[in-house]
Each structure stands twice: as C-alpha cells, then as structure tokens.
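Asks: Sharing a structure here in structure tokens format.
Numbering (UniProt numbering), first residue to last: 1 to 325.
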C-alpha cells in the first residue's frame, strides 16, 4: 500500500539544462566565423604588405593603433586592476612578446618568402603544438586519438613545407618563409599555454595591457629596420593594410572571440579556429590569385583531419574525467 501511495505522489520535475538566450548560439557562430575570417585574412594582408610597409613597421604601427583604440575603453578596468598588473608584469610581458609581437613580426617577415596559402596551413598546426606543450608543461593526458591527430597534422605541415616533395623533405631544404612561420607558430603556442594561468582580471584590461607591451617590444625591431635602411613607411596602400590588421585581426577578432567563448564555452568556440587555414587559403586564391596545388589540398586535409582526431580524443579524456568526478 505504501508503495502504491508513493507511486501516485506527484514527482518533482527533472532538472532542466540551462538554455542560452534566444539567438545567442547564432550570435556566437557569427562572431566566431568573423574571427576566423579575420585571422585568415592576416596572412593575406602580410603578403599584400610586401613592398608597401616593412614587417617591423607594420607590427609596431599595428599595436600602436590597437593601444590607441583600447586604452580609453579599458581605462577604468586598468586603474582598478593596477596592482594585479604590477604583480604579474613579467608574465604579461612574456605573453605579449610571444603571442603578439613575435608571432606577428615573424608572420609578416615570412610573408616576404612564402605564399599566404602556406602561411595559413602551417598556422593550422598550432593546436597540435599546444597539445604537446600541455603534456610537457601541465602533464595533461593525451589519448591515442590525440597522438594520431598530432602526427597527421604534422604530416600536413611537413607536406606544405616540402611543397609535396619527399626529396625536399629528406634534404631539409625548406623555404625560409615556411621556417619563420613555424617559429611564429611555436611562439603563439607558448602564449596559448600561458593563457591557462593568466592573471585574474577583466579580459579587456588584460588584452590592453598586453597590446601596450607588444607595442613597446616591437620598437627595437622597428629601430633595427630604421638603422639598416630597410624600413618602408606605409603609403596609401600600406595605410589601408595597416587599418585592416589593426581593426580586424587585432581588435574585432579578439573581442569577438572573447564574446564567443562567453556564449558557448571555450571548447565549442575553439573549434572555429580550425577554419583559419580554410579561410586563409580561400582568400589567398581569391585576392592574391595564388596557385592552389594538389599538395596544398592534401596538406589542408591532413591538418584539418588531424585536428578533428585530436578533438575527438580530447572529448574522450574529458568524458572519462567527468565520470571519475
């Protein structure tokens, strides 16, 4: 009888999964797509800048423009978190030098020697470098699928660097631009790993502080160009390129990515970064009329396929961790 009464009692409603506001997912997808498109366009801008503005001048002026725009917007947060910035200035400086100054300076220098298609496909290998770095630095577990994804992605990068030639790969006679882009990828991977333990402060203030350091760190590079007579100050075309890289890859893309992460979380938002080599290759062919060879298609498929494998492996690690909790 007691069991019958218990069965007849109204049951408490099941807990509902929190839902995003109407349109939030679509908004996040739009923001993140624009982000990937902007970052893909950065390599194309680097190629367009050849002969119009020198690499270090473009890097320094880019971050000067960003700081000029951001400081008024973030001033209140900067003042409120001044103590945090002072306490963590070394970490902020290292992250800015690696992820902002070094990455862009190396990318723009690489653009003088290699194609934008190569630049974006090599850039697509950064998530795999981050994966390896997370294992070394933080002891993050890596599954068999992630290892497979890493090897496939590296094969894609090697295919681009060797221009599809096994003889070139074995002789290690790579294009200097591809090597510079690989170095840029290592610098940005280091910055990405450091984000895991970034100082606790508003994202806009943190971004502004790093942009300011990036500008200061680029001044010695600009001074080198000036003293060696290799500097090219931007004319009308150079100014248009500068406006693009300052507003889209530097400012809008960063802010949109932050907002996308807030709306749908870092895991789902991070997948959109995989679109960067796709958009970059498309823009390079459409705007620069660069040739898209068969080895480019093979490399792009390997890079994206490897990242997809790594993401699946990552999901399995997270599911196992969740079950243990």
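Backbone N, C-alpha and C fix where the C-beta goes; we use that ideal spot for every residue, glycine too.
Being a predicted model, the structure only gives us computed values, none of them experimental.
Report the rounded CA-to-CA distance for residue 174 versus residue 118, giving the unit in angstroms.
Replies: Walking along the chain shown from the start, residue 174 turns up at place 174. Walking along the chain shown from the start, residue 118 turns up at place 118. Cα-Cα distance, rounded: 12 Å.
Asks: Let me know the secondary structure DSSP gives residue 75 once reduced to three states.
Replies: The count along the chain shown starts at 1 and reaches residue 75 at position 75. Note: residue 75 maps to helix in three-state DSSP.
Asks: Between 257, 284 and 274, which lies nearest to residue 31 when the distance is taken from Cα to Cα?
Replies: Walking along the chain shown from the start, residue 31 turns up at place 31. The shortest C-alpha separation from residue 31 is found at 257.
Asks: Three or more C-beta pairs closer than 8 Å, one from the region 299–312 and one from the region 142–153: is that the case here?
Replies: yes
Asks: In chain order, what residues of the same chain lie with their CB nearer than 6 Å to the CB of residue 128, ignoring the 5 residues before and after it?
Replies: In the chain shown, the residue the question calls residue 128 occupies position 128. The residues are 150 and 153.
Asks: Are the beta-carbon atoms belonging to residue 245 and residue 58 less than 8 Å from one another?
Replies: The residue you call residue 245 lines up with position 245 of the chain shown. The residue you call residue 58 lines up with position 58 of the chain shown. Against a cut-off of 8 Å, the Cβ pair of residue 58 and residue 245 comes out as a contact.
Asks: Could you tell me the alpha carbon to alpha carbon distance between residue 232 and residue 24, rounded to whole angstroms?
Replies: If you number the chain shown from 1, residue 232 lands on position 232. If you number the chain shown from 1, residue 24 lands on position 24. Computed Cα separation, rounded: 44 Å.
Asks: Specify the secondary structure class of residue 91 as computed by DSSP and reduced to three states.
Replies: To locate residue 91, count along the chain shown from 1; it is residue 91. Note: residue 91 maps to helix in three-state DSSP.
Asks: Cutting at 6 Å between CB atoms, please list the residues of its own chain near residue 133, excluding the five before and the five after it.
Replies: The residue you call residue 133 lines up with position 133 of the chain shown. Excluding residues within five positions, the ones whose Cβ falls inside 6 Å are 189 and 193.
Asks: Find the nearest neighbour of residue 197 within the set 114, 95 and 81, judged by alpha-carbon distance.
Replies: Indexing the chain shown from 1 puts residue 197 at position 197. Out of 114, 95 and 81, 95 has the C-alpha closest to the C-alpha of residue 197.
Asks: Rounded to whole angstroms, what is the Cα-Cα separation between residue 274 and residue 126?
Replies: Stepping through the chain shown from its first residue, residue 274 is reached at position 274. Stepping through the chain shown from its first residue, residue 126 is reached at position 126. Distance between the alpha carbons of residue 274 and residue 126: 10 Å.
Asks: Tell me where the alpha helix (DSSP H) around residue 196 begins and ends.
Replies: Within the chain shown, residue 196 is the residue found at index 196, counting from 1. Where residue 196 is concerned, there is no enclosing alpha helix (DSSP H), given that its DSSP letter is neither H nor E.
Asks: Are the beta-carbon atoms belonging to residue 47 and residue 116 less than 8 Å from one another?
Replies: Translated into the one-based positions of the chain shown, residue 47 becomes position 47. Translated into the one-based positions of the chain shown, residue 116 becomes position 116. Contact flag set, yes.
Asks: Helix, strand or coil: how does DSSP classify residue 312 here?
Replies: The count along the chain shown starts at 1 and reaches residue 312 at position 312. Helix.
Asks: Could you tell me the distance, in whole angstroms, from the CA atom of residue 147 to the CA atom of residue 215?
Replies: Residue numbering aside, residue 147 sits at position 147 when the chain shown is read from its first letter. Residue numbering aside, residue 215 sits at position 215 when the chain shown is read from its first letter. Approximately 37 Å between the Cα atoms of the pair.
Asks: For residue 39, report the span of its alpha helix (DSSP H) as first-last.
Replies: Translated into positions along the chain shown, residue 39 becomes position 39. 24–48 is the span of the alpha helix (DSSP H), which, as asked, contains residue 39.
Asks: Apart from the five residues just before and just after residue 18, which ones in its own chain have a Cβ nearer than 6 Å to its Cβ?
Replies: Position 18 of the chain shown, counting from 1, holds the residue named residue 18. Here the model assigns residue 18 a pLDDT of 49, short of 50, so the residue's position is not dependable, and the following value carries that caveat. The answer is none, since no qualifying residue turns up.
Asks: To the nearest angstrom, how far is the alpha carbon of residue 80 from that of residue 254?
Replies: For the purposes of this step, residue 80 is identified with residue 80 of the chain shown, where counting begins at 1. For the purposes of this step, residue 254 is identified with residue 254 of the chain shown, where counting begins at 1. One C-alpha to the other measures close to 22 Å.
Asks: Residue 237: which of 264, 53 and 104 sits nearest, CA to CA?
Replies: The sequence position of residue 237 within the chain shown is 237, counting from 1. Here the closest residue by C-alpha is 53.
Asks: Give the secondary structure of residue 120 by DSSP, where H, G and I count as helix, E and B as strand, and everything else as coil.
Replies: Numbered from its first residue, the chain shown carries residue 120 at position 120. Correct three-state label for residue 120: helix.
Asks: If I measure Cβ to Cβ from residue 277 and keep anything under 8 Å in the same chain, skipping five residues before and after, which residues do I get?
Replies: Locating residue 277 in the chain shown gives position 277, where the first residue counts as 1. Around residue 277: 40, 120, 121, 123, 124, 300, 303 and 304.
Asks: Please determine, among 37, 159 and 207, the residue with the shortest C-alpha to C-alpha distance to residue 297.
Replies: Taking the first residue of the chain shown as 1, we reach residue 297 at position 297. Among 37, 159 and 207, the Cα nearest to that of residue 297 belongs to 159.
Asks: Assuming residue 74 and residue 208 form a contact by the criterion Cβ under 8 Å, report the distance between their Cβ atoms to the nearest whole angstrom.
Replies: Residue 74 sits at position 74 when you count from the first residue of the chain shown. Residue 208 sits at position 208 when you count from the first residue of the chain shown. Right, their Cβ atoms sit about 4 Å apart.
Asks: Give the straight-line distance between the Cα atoms of residue 100 and residue 143, rounded to the nearest whole angstrom.
Replies: Counted from its first residue, the chain shown places residue 100 at position 100. Counted from its first residue, the chain shown places residue 143 at position 143. So the two alpha carbons sit approximately 31 Å from each other.
Asks: In the structure shown, what three-state DSSP assignment does residue 114 receive?
Replies: Working through the chain shown from its first residue, we reach residue 114 at position 114. Residue state, collapsed to three classes: coil.
Asks: Beta carbon of residue 77, beta carbon of residue 202: below 8 Å?
Replies: Taking the first residue of the chain shown as position 1, residue 77 is located at position 77. Taking the first residue of the chain shown as position 1, residue 202 is located at position 202. Going by C-beta atoms, residue 77 is nearer than 8 Å to residue 202.
Asks: With H, G and I counted as helix, E and B as strand and the rest as coil, what does DSSP make of residue 202?
Replies: Residue mapping note: residue 202 aligns to position 202 of the chain shown, counting from 1. Of the three classes helix, strand and coil, the one that applies to residue 202 here is coil, per DSSP.
Asks: Using three-state DSSP, classify residue 142 as helix, strand or coil.
Replies: One-based indexing of the chain shown puts residue 142 at position 142. If DSSP states are grouped into helix, strand and coil, residue 142 belongs with coil.
Asks: Applying the 10 Å Cβ sphere with the 16-neighbour rule, what's the burial state of residue 180?
Replies: Position 180 of the chain shown holds residue 180. Classification for residue 180: buried.
Asks: Please give the ranges of any alpha helix (DSSP H) in the UniProt domain "EamA" (176–309), keeping only runs that are unbroken, at least 4 residues long and fully inside the region.
Replies: 176–194, 203–228, 236–245, 253–264, 266–270 and 276–288
Asks: In angstroms, rounded to a whole number, what distance separates the CA positions of residue 84 and residue 67?
Replies: Taking the first residue of the chain shown as 1, we reach residue 84 at position 84. Taking the first residue of the chain shown as 1, we reach residue 67 at position 67. Cα to Cα, residue 84 sits roughly 19 Å from residue 67.
Asks: When you compare only the Cα positions, how much space is there between residue 107 and residue 186?
Replies: Working through the chain shown from its first residue, we reach residue 107 at position 107. Working through the chain shown from its first residue, we reach residue 186 at position 186. Taking C-alpha positions only, residue 107 is separated from residue 186 by approximately 12 Å.
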